[in-house]
Amino acid sequence: GAGVSQSPSNKVTEKGKDVELRCDPISGHTALYWYRQSLGQGLEFLIYFQGNSAPDKSGLPSDRFSAERTGGSVSTLTIQRTQQEDSAVYLCASQGVGETQYFGPGTRLLVL
Amino acid sequence: DQQVKQNSPSLSVQEGRISILNCDYTNSMFDYFLWYKKYPAEGPTFLISISSIKDKNEDGRFTVFLNKSAKHLSLHIVPSQPGDSAVYFCAARLPSGTYKYIFGTGTRLKVLA
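Same order as they appear, the protein sequences are chains U and C.
Numbers 20 to 131, taken from our numbering, label the letters of the first sequence in order.
Numbers 3 to 115, taken from our numbering, label the letters of the second sequence in order.
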């Protein structure tokens, strides 16, 4: 498909475990964003990748969160030692030329 | 500190009538504004945008108005259709260093048939 894909679509984990969330952006898009949407909240910016530049990590809520983007394409968001407050929908968006972001369907994370 | 605010969490409108969704912001440095629509279990999809140098942009049934002096933008949908029922997010771009987008908390629109 031509859209942004994310996996897994749903993830249930136990408190203290590590999780990895994957994002496959639209081919050729140089910018990639990760957002988090907690229940009843808006989209909270987490991290931004642009080409080969150093990522903007200013939105990561703690050092338990990290992300990487390999080969300028696929991105992985890792949450270590998950906490119940990490439960949210994690959305990835890619962006090419222009201001429009294209979002994936999200990963729904539930930490028990 | 919520830089982009959507103060109405929900809105119900009769089919065929106008839907007006509002968004207020505090940062005068925002240079671009966008509206996204989100259906359940899907990611947001782009709807319409406006540059800060404009005051109106129209695309079919959708029009966005920007009032910079009031730091307010609105999305008008005319006529409203049941398929428009979704959560609408406004977003603003901050052009400092990397492009960062600040999203509002969303307004759930329900169009009644």
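Just so you know, even glycine gets a beta-carbon here, dropped at the ideal spot from N, CA and C.
What you are looking at is a predicted structure, and each value in this text was computed from that prediction instead of being measured.
List the whole-angstrom C-beta distance separating residue 66 of chain U from residue 50 of chain U, where the pair is believed to meet the contact cut-off of C-beta under 8 Å.
-> The Cβ separation is near 11 Å, so there is no contact.
Identify, in the order they occur along the chain, each residue of the same chain with its Cβ nearer than 7 Å to the Cβ of residue 83 of chain U, setting aside the five sequence neighbours on each side.
-> 98, 99 and 100
Cβ-Cβ separation, residue 64 of chain C to residue 55 of chain C (assumed contact under 8 Å), whole Å = Residue 55 of chain C to residue 64 of chain C, Cβ: 20 Å. No contact.
How about the segment 21-35 of chain U and the segment 113-127 of chain U: do they share at least three Cβ pairs that are nearer than 8 Å?
-> yes
Across which residues does DSSP place residue 86 of chain C in a beta bridge pair?
-> According to DSSP, which records beta bridges pairwise, residue 86 of chain C is partnered with nothing at all.
When DSSP builds the beta bridges, which residues end up paired with residue 43 of chain U?
-> U:24
Confirm, please, whether the CB-CB distance from residue 24 of chain C to residue 8 of chain C is below 9 Å.
-> yes
Endpoints, beta strand (DSSP E) assigned at residue 10 of chain U = Past the edges of chain U, shown from 20 to 131, lies residue 10 of chain U, and the structure says nothing about it.
Using only alpha-carbon positions, find the residue among U:119, U:111 and U:115 that is nearest to residue 43 of chain U.
-> U:111
Since I believe residue 61 of chain U is in contact with residue 91 of chain U (beta carbons under 8 Å), could you give me their beta-carbon distance rounded to a whole number of angstroms?
-> No, residue 91 of chain U and residue 61 of chain U are not in contact; Cβ-Cβ is about 28 Å, not under 8 Å.
What first and last residue would you give for the beta strand (DSSP E) that runs through residue 113 of chain U?
-> Looking at the DSSP string, the run of the beta strand (DSSP E) that includes residue 113 of chain U is 107-114.
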